[in-house]
Amino acid sequence: MPCAHFRFYEELNDFLPPSRRKVEFEQRFERRASVKDMIEALGVPHPEIELILVNGEPVDFSYIVSDGDRISVYPMFEALDIAPLVRLREAPMRDPRFVVDCNLGRLARYLRLLGFDCLYDNGFTDDAIAAISQAQRRIVLTRDRRLLHRKAISHGLFVRSEQPREQVREVLRRLDLHALSRPFSRCARCNGLLAPVEKDAIAGRLQPKTRRYYDDFLQCRDCGQLYWRGSHHERSRRLIDEFLEKPAE
Ligand SMILES: [Zn+2]
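Below, the structure written as structure tokens:
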């Protein structure tokens with residue numbers, strides 16, 4: 008039976024059983040198979056993959072595996088500099104936008120607080136998420152690795168952590184997003200953009216104390232939510248600082 012040698016790098020090993028992590032292993036195959044099909048059969052979702060080398064040469068997902076091939080598989084968005092090699096897709100998006108799976112609502116709110124464009128609705132079905140990702144070129148964030156096996160999804164991240172705050176740090180780290188954050192530019196509630204608004208125009212909506220102590224206000228263009236530098240702002244500020252603090256190397 009023909010046989011290929013696989014080696015997965017960095018966080019792609021999370022999808023493999025312990026005995027196959029960070030080592031070369033053999034995989035037998037009976038039928039003619041594309042490298043994408045073989046990799047997904049091993050449990051690794053294709054949107055997490057950035058680069059595949061077969062016997063040292065870059066190939067795309069449709070490559071048909073031959074007996075004796077040595078196949079190295081590298082993750083999406085990995086900090087390794089692989090730019091000189093052919094990637095499976097064009098360069099990672101510099102203006103990353105997301106569609107967030109339905110059990111990750113707090114992650115979506117926190118990323119919006121940092122200014123990232125995150126579509127989220129706890130009623131999204133898997134079909135809806137795949138369709139939105141494809142139509143709007145949004146990166147899928149999910150804790151459901153089967154969702155990432157869908158053909159329509161080209162960019163996606165399987166979020167490892169179960170804790171919302173840790174999830175934020177994980178997404179920032181893995182996609183290298185720290186420099187792209189724009190805190191207080193987007194509504195955490197609905198994802199709309201914030202714009203300055205004249206105090207006179209909204210004075211009737213303010214509590215007396217807020218009206219007395221604050222003069223600068225931002226308003227969501229979509230849902231009308233008001234933001235100002237009160238105690239809630241201070242809590243958000245501390246949270247943002249915590250998210251953007253880079254871990255010690
Ligand atoms: Zn809003």
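Using the numbering used here, you'd call the opening residue of the sequence shown number 8 and step up by one each time. In this text, a Cβ means the ideal position worked out from N, Cα and C, and glycines have one as well. Given the structure is predicted, the values throughout are model-derived calculations rather than measurements.
Which of the three DSSP states, helix, strand or coil, is assigned to F22? helix
Can you list, in chain order, the residues of its chain whose CB lies under 7 angstroms from that of M8, leaving out five sequence neighbours each side? R35, E37
Distance check for F13 and G237, CA to CA, integer angstroms please. 55 angstroms
If you draw a straight line from the alpha carbon of D128 to that of A115, how long is it in whole angstroms? 10 angstroms
Measuring CA to CA, which of P215, L200, V30 is closest to L225? L200
Is the beta carbon of D124 within less than 7 angstroms of some heavy atom of ligand 1? no
With C-beta atoms as the reference, is R180 less than 8 angstroms away from D21? no
Quick one: does the C-beta of D207 sit closer than 7 angstroms to a heavy atom of ligand 1? no
Beta carbon of L148, beta carbon of D183: below 8 angstroms? no
Where H12 sits in the DSSP three-state scheme: strand
Helix, strand or coil: how does DSSP classify R244 here? helix
Around the Cβ of Y220, are there at least 16 other Cβ atoms within 10 angstroms (buried) or fewer (exposed)? exposed
Cβ-heavy atom distance, C109 to ligand 1, below 7 angstroms: no
Counting C-beta neighbours from all protein chains within 10 Å, is the total for P24 16 or more, i.e. buried, or is it exposed? exposed
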